[in-house]
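Taken in order, these protein sequences are the chains called A and B. Just so we're aligned: the first sequence equals residues 3 to 260 in my numbering. Just so we're aligned: the second sequence equals residues 3 to 260 in my numbering. Note that beta-carbon positions come from the ideal geometry of N, C-alpha and C, so glycine has one too. Heads up: the structure comes next, in structure tokens.
Number of protein chains: 2
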Amino acid sequence: MKTLKIVKIGGNIIDNEAALSSFLEGFAAIESPKILIHGGGKLATQLANQLGLEVKMIDGRRITDKATLDLITMVYAGKINKNIVAKLQSKKCNAIGFSGADGNTIVSKKRPIKTIDYGLVGDVIKVNTKILQVLLEHKVTPVFCALTHDQKGQLLNTNADTIASELAIGFADHYQTELYYCFEKNGVLKDVNDEDSVIKQITTKNYQSLIDDKIISDGMLPKLNNCIHAIEKNVHKVCIGKPEMLFESNANFTTITK
Amino acid sequence: MKTLKIVKIGGNIIDNEAALSSFLEGFAAIESPKILIHGGGKLATQLANQLGLEVKMIDGRRITDKATLDLITMVYAGKINKNIVAKLQSKKCNAIGFSGADGNTIVSKKRPIKTIDYGLVGDVIKVNTKILQVLLEHKVTPVFCALTHDQKGQLLNTNADTIASELAIGFADHYQTELYYCFEKNGVLKDVNDEDSVIKQITTKNYQSLIDDKIISDGMLPKLNNCIHAIEKNVHKVCIGKPEMLFESNANFTTITK
């Protein structure tokens, strides 16, 4: 089986022009088939402020009303996605920008209202890989923003980490799928204040004891649950760390495997 | 040769939710391979006003500075394009949104400064149809916004009519290409105030005499020059009129042929 690398970048790279440019340089040079997923960064909040739009948060989660969805569609699918695509093209990487509506690639369902109504937020229910596979075979690199659709004409805001893991799971039968979460730290740390305390290997076997022993901090739990879920669904490995983990042979980062 | 329909819609459809929905219903039902190109409508100007961005015009042409390019990238490639794609998906038309940067499909060059510096405006120099053809063969419908790129990482603002004609020309060797310009009138009119005075047939042979006799008005000249150019480059036919021309057998519109 061929390897497919699925790479997610967040605000810490997107918001920094030099970091983004250097990341895209390295990403473009990856030879295997690859998919990029990007979050939103600070641009959406900045534009919301400029437009006098109130950012509604409940328990640290953004509430996506109609005006907010329009705004993130403009920022994520428009400005950020198209600029990344144009920059990758300049580095000879033939990218095409995607939301989950494009090619009907990621279908989601509006999150049901329990205690909180998150608004126009979608939970992924299906990933359609066929068109993406055709494009990968033609050496095209899909670049996803964090939007999905409900097949009824509605775009929905979806967590970029989830989009990355669902895509990785969707491709696991066709490729040896590797999922890379780039973030601002060296990996999962034993001591959050010590960048040298990276836990190099997490497996489905030692995961629970790392939680029980409170070695994995609360903040990392949702991210790691996502990773473990992907591994259980046949994703070959999940790596968490700085973007250097993709490009440098001696980089320090966390690998999650079965 | 198979038929490929390339359809351009402008602000009069995009700005009107009911008109857009009805157009997309009909467009989705077209059975032959098809490509949609959309202009921007009033949304970009509205957002510019909300953000206090000055719209710079010289001789009726928008000057595209960096802030304006960011704005139209958000509105055209983000909000308008992704909403059209999501709506087409709801009508079982498997659409993928494109700028000219996506798939390196439309390469342009910043317009040289003569008397006016139009800013970040691109004149098309190359159309790459290979990836689009692969998608069309897989029953995917590309939806283009009016942005191209220079292959050096810069997005450029490009006239949507031109994108439509350049795409039609690019496909003319592979398909029997039909180009449809939808606008607010019934077609090219002998008398601009009389919707019944449609010139039904224009050919490369009678075109010059229609200009000499001042039957074609000045306002239509740039649009028609685009059409004649496409016909001379082997586009099978160009039609100008209301969207009904695509869906109703008794519609009244202008057809331009060799």
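In the DSSP annotation of this structure, L191(B) is not part of any alpha helix (DSSP H), being labelled neither H nor E. Here V129(A) is not near T160(A), since their CB atoms are 9 Å or more apart. What G28(A) touches in chain B, judged by beta-carbon distance under 7 Å, is nothing: the nearest beta carbon there is about 16 Å away. In the three-state scheme derived from DSSP, where H, G and I count as helix and E and B as strand, G99(B) is classed as strand.
Taking a C-beta cut-off of 9 Å against chain A, the contacting residues of the region 148-174 of chain B are L149, H151, D152, Q153, K154, G155, Q156 and L157, listed in chain order.
The beta carbon of L223(B) does not come within 9 Å of any beta carbon belonging to chain A, so the residue lies off that interface. Residue burial annotation: R64(B) is buried, with at least 16 other C-beta atoms found within 10 angstroms of its C-beta. Those residues of the region 63-79 of chain B placed with their C-beta closer than 8 Å to a C-beta in chain A are D72, T75, M76, V77, Y78 and A79, ordered along the chain. The beta carbon of L49(B) lies closer than 7 Å to those of L73 and V77 in the same chain, with the five residues before and after it left out. For N96(B), the neighbours in chain A by C-beta distance under 7 Å run, in chain order, G105 and N106.
Straight across, the Cα-Cα distance linking K94(A) with L38(A) is about 15 Å. In this model, S101(B) and S199(A) are separated by some 44 Å (Cα to Cα). In the DSSP assignment, H151(A) is bridged to V109(A) and L157(A).
Within a 10 Å sphere around the beta-carbon of L45(A) sit 16 or more other beta-carbons, which makes this residue buried. It is roughly 23 Å from the alpha-carbon of K187(B) to the alpha-carbon of I82(B). Remark: fewer than three beta-carbon pairs, one from each stretch, lie closer than 8 Å, so the region 146-158 of chain A and the region 176-193 of chain A are not flagged as touching. The alpha-carbon of Q178(A) is positioned some 43 Å away from that of L55(A). Taking 7 Å as the Cβ-Cβ cut-off, the region 123-136 of chain B approaches chain A at I133 and V136, given in chain order.
Judged by DSSP in its simplified three-state form, L71(B) adopts helix.
Interface with chain A (9 Å Cβ-Cβ cutoff): F100(B) is included.
Note: P35(A) is not bridge-paired with any residue in the DSSP secondary-structure output. Linking Q156(A) to H231(B) through their CA atoms gives a straight-line distance of about 39 Å.
Neighbours of Q203(B) across chain A, judged by C-beta separation under 9 Å, do not exist; the nearest C-beta is about 38 Å away. If you compare the alpha carbons of P245(A), S219(A) and V123(A) with that of T164(A), the shortest gap goes to V123(A). Secondary structure note for F173(A): its alpha helix (DSSP H) is the uninterrupted segment A162 to F173. With a cutoff of 9 Å on beta-carbon distance, C184(B) and L223(B) are scored as not near each other. Shown here, E197(B) sits in coil according to DSSP, grouped into three states, outside any helix or strand.
In the DSSP annotation of this structure, the continuous segment of the alpha helix (DSSP H) that includes V136(A) starts and ends at K132 to E139.
Taking C-alpha positions only, A79(A) is separated from K84(B) by approximately 8 Å. The three-state reading of DSSP puts I115(B) in coil, since its state is none of H, G, I, E or B. CA-CA distance, K154(A) to K141(A), rounds to 31 Å. Relative to the Cα of G172(A), the nearest Cα in the group T206(A), K207(A) and L134(A) belongs to L134(A). Against chain A, a Cβ distance below 8 Å from K89(B) picks out G155. Taken through DSSP and simplified to helix, strand or coil, K84(B) comes out as helix.
Between S110(A) and V136(A), the gap from beta carbon to beta carbon reaches 9 Å or more. Ranking A166(B), K132(B) and D220(B) by CA distance to the CA of V9(B) puts A166(B) first.
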